[in-house]
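Colleague:
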Amino acid sequence: MLPIEKKHLLIVDDEPVILQILKAVFEEEPWRVTLVGTGAEAERILHSERVDLLLTDKNLPDVSGLELLRIAKAREPLCEVIILTGYGSLETALAAMEMDAFDYVLKPLNNVFDIRKKARQAFAKQDVALENRRLIVALREKNLALEAALEETRSLQAELVQSEKLAGIGTLAAGIAHEISSPLFGIMGLAEAIADEQDLPLAQSYARDIVEYCRTVRDIVVELSSYSRAATTEYLTTVEFARVIQDALRLVERSADVRNVRFETNLEEGLFLHARTNEIQQVFVNLIKNAAEAASETEAGGVVRIAAGRTGNHVWGTVSDNGPGIDAQKQKLIFDPFYTTKAPGKGTGLGLNIVYRIVTKYRGLVTVDSREGLGATFELRFPLER
Ligand SMILES: Nc1ncnc2c1ncn2[C@@H]1O[C@H](COP(=O)(O)OP(=O)(O)O)[C@@H](O)[C@H]1O
Ligand SMILES: [Mg+2]
230 MLPIEKKHLL IVDDEPVILQ ILKAVFEEEP WRVTLVGTGA EAERILHSER VDLLLTDKNL
290 PDVSGLELLR IAKAREPLCE VIILTGYGSL ETALAAMEMD AFDYVLKPLN NVFDIRKKAR
350 QAFAKQDVAL ENRRLIVALR EKNLALEAAL EETRSLQAEL VQSEKLAGIG TLAAGIAHEI
410 SSPLFGIMGL AEAIADEQDL PLAQSYARDI VEYCRTVRDI VVELSSYSRA ATTEYLTTVE
470 FARVIQDALR LVERSADVRN VRFETNLEEG LFLHARTNEI QQVFVNLIKN AAEAASETEA
530 GGVVRIAAGR TGNHVWGTVS DNGPGIDAQK QKLIFDPFYT TKAPGKGTGL GLNIVYRIVT
590 KYRGLVTVDS REGLGATFEL RFPLER
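In the working numbering, the protein residues as written are 230 to 615.
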């Protein structure tokens, strides 16, 4: 434990009798008491020592008591001051109160115990103020520590996002190499075979196989390049959600085989995102295309429902189908690049991975809800544009 320093009481009066009386009054108190007879001496002490309570005559011959009050407060705002003043100068006593004196005592000193009581009260008030000050300092330190922790979390998060991105690119690059290498080796083998082949129909069937392999590679390249084009050529703008979804639907209706599928939309208008139109469109093209492909497997007729709206501070969009659904095991894999259950030439396995990349880039979320045999619902959520 630190030794607790005694409170320091400085008493200033030019009348030796008064000093004598006050000395007796405070003798029993657990304070250090200094008695001085001049303002100059008091000033010297105020400048060189800590003073907790100043009890000073207002009318000193050299320095005014009010001046000592000012000095004491300037040195230590929590220093308390009690002014001793004659009956005649009640007004100046009030002036002292205005200068933040704790109290005043009128001379002659009729009730010395009253002075002692006031001094005790002054110290009690000071203790509360000191405790408050300590608490504020502690709070400030806590705040600083919290801020530092927050800052660290932020930079860690940024690092994580960065390394996650790099890992993602690595996986994607490895995947592309893998996906392209097998058709490439196929093409090479067939081309070599053709070079030595005398049988024309056989050579022609090799050539057809080569075309098939090339299609696979082309699909991968087309899908990737439309993604990277979407990401680089366009500026961020204000995107009207419902319109982009409608455009995406039109694209799918035109390009994919969706004869067996009915589309229903329920889109709230007037919702905006700050994003690249192409990217948001691509997200919906990929989801709607998957849904349509899944729904077209339904004998009784496929249905794809697309909805968009707003909840709280989120914009959401959903794409549901009545296709075969996705079992829990597969749900873990569908966002990986090149994961596909479709026949060769039918799917690249890149669609949902691209959806995931774009959505997370906009601090959004993509989730899937599906039970086998009961269709699937993909949900997107984006923080609302203010
Ligand atoms: N709406 C859906 N219903 C059922 N399965 C789906 C649906 N959407 C995606 N999938 C599954 O996720 C896989 C990956 O989808 P995606 O990344 O778009 O690649 P691709 O469509 O080229 O196969 C699909 O092959 C399919 O198995
Ligand atoms: Mg797809």
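For each residue, glycine too, the CB sits at the ideal point set by N, CA and C.
Which one or two residues does DSSP pair with residue 504 in a beta bridge?
Modeller: Answer is 466.
Colleague: Which residue wins for smallest C-alpha separation from residue 529, given the options 547, 552, 535?
Modeller: 552
Colleague: Drop a sphere of 10 angstroms on the beta-carbon of residue 294, count the other beta-carbons inside from all chains shown, and report buried for 16 or more, exposed for fewer.
Modeller: buried
Colleague: For residue 246, does the count of other Cβ atoms within 10 angstroms reach 16, so buried, or fall short, so exposed?
Modeller: exposed
Colleague: Tell me which same chain residues have a C-beta within less than 7 Å of the C-beta of residue 230, skipping the five on either side of it?
Modeller: Here residue 230 scores only 46 on pLDDT, less than 50, and its place in the model is too uncertain to base an answer on.
Colleague: Which residues does DSSP pair with residue 536 in a beta bridge?
Modeller: 495, 547
Colleague: Can you give the Cα-Cα distance for residue 562 and residue 373, rounded to whole angstroms?
Modeller: 43 Å
Colleague: With three or more beta-carbon pairs closer than 8 Å as the criterion, would you say the segment 279 to 290 touches the segment 234 to 248?
Modeller: Three or more pairs of CB atoms, one per stretch, sit closer than 8 Å, so the segment 279 to 290 contacts the segment 234 to 248.
Colleague: Kindly indicate which residue of 267, 308, 320 has the alpha-carbon position closest to the one of residue 356.
Modeller: Of the residues 267, 308, 320, the one whose Cα lies closest to the Cα of residue 356 is 308.
Colleague: Across which residues does DSSP place residue 309 in a beta bridge pair?
Modeller: 282
Colleague: Under DSSP, the beta strand (DSSP E) around residue 265 begins and ends at which residues?
Modeller: Run containing residue 265: 261 to 265, per the beta strand (DSSP E) assignment.
Colleague: With a threshold of 16 other CB atoms inside 10 Å of the CB of residue 287, please say whether the residue is buried or exposed.
Modeller: buried
Colleague: Do you know offhand how far residue 524's Cα is from residue 468's?
Modeller: 28 Å
Colleague: Taking 7 Å as the cut-off, does the CB of residue 568 come closer than this to any heavy atom belonging to ligand 1?
Modeller: yes
Colleague: First and last residue of the alpha helix (DSSP H) that includes residue 585?
Modeller: Run containing residue 585: 580 to 590, per the alpha helix (DSSP H) assignment.
Colleague: Heavy atom of ligand 2 less than 7 Å from the Cβ of residue 576, yes or no?
Modeller: yes
Colleague: Sorted by chain position, which residues of the same chain lie with C-beta nearer than 7 Å to residue 510's C-beta, five sequence neighbours on each side aside?
Modeller: 473, 476, 477
Colleague: Shorter than 7 Å, the distance from the beta carbon of residue 572 to the closest heavy atom of ligand 1, or not?
Modeller: For ligand 1, not one heavy atom lies less than 7 Å from the Cβ of residue 572.
Colleague: Quick check: what's the CA-CA separation for residue 410 versus residue 588?
Modeller: 29 Å
Colleague: Where residue 492 and residue 377 are concerned, what is the direct C-alpha to C-alpha distance, given to the nearest angstrom?
Modeller: Each residue's alpha carbon lies about 52 Å from the other.
Colleague: Can you give me the Cβ contacts of residue 445 inside the same chain, cut-off strictly under 7 Å, excluding the 5 residues immediately before and after it?
Modeller: 412, 573, 574
Colleague: Leaving aside the five residues before and after residue 534 along the sequence, list all residues of the same chain whose C-beta is less than 7 Å from its C-beta, in chain order.
Modeller: 493, 549
Colleague: Just checking residue 559 against ligand 2 - is the residue's beta carbon closer than 7 Å to any of the ligand's heavy atoms?
Modeller: no
Colleague: For residue 442, name the three-state secondary structure that DSSP assigns.
Modeller: Helix at residue 442.
Colleague: May I ask you to check if the CB of residue 519 is nearer than 7 Å to at least one heavy atom of ligand 2?
Modeller: yes
Colleague: Hey, quick one: how far does the beta strand (DSSP E) through residue 240 stretch, first residue to last?
Modeller: In this chain, the beta strand (DSSP E) harbouring residue 240 covers 237 to 241.
Colleague: Taking 7 Å as the cut-off, does the CB of residue 538 come closer than this to any heavy atom belonging to ligand 1?
Modeller: Set against 7 Å, the gap from the CB of residue 538 to the closest heavy atom of ligand 1 is not smaller.
Colleague: Should residue 342 go down as buried or exposed, given a rule of 16 or more other Cβ atoms within 10 Å for buried?
Modeller: exposed
Colleague: Nearest by alpha-carbon distance to residue 402: which of 362, 567, 610 is it?
Modeller: 567
Colleague: Smallest Cα separation from residue 613: which of 594, 600, 606, 605?
Modeller: Taking each of 594, 600, 606, 605 in turn and checking the Cα distance to residue 613, the smallest one comes out for 594.
Colleague: Would you mind reading off the limits of the alpha helix (DSSP H) that contains residue 248?
Modeller: 245 to 255 is the extent of the alpha helix (DSSP H) around residue 248.
Colleague: From residue 486 to residue 480, what distance separates their C-alpha atoms?
Modeller: In this structure, the straight-line span from the alpha carbon of residue 486 to that of residue 480 is close to 12 Å.
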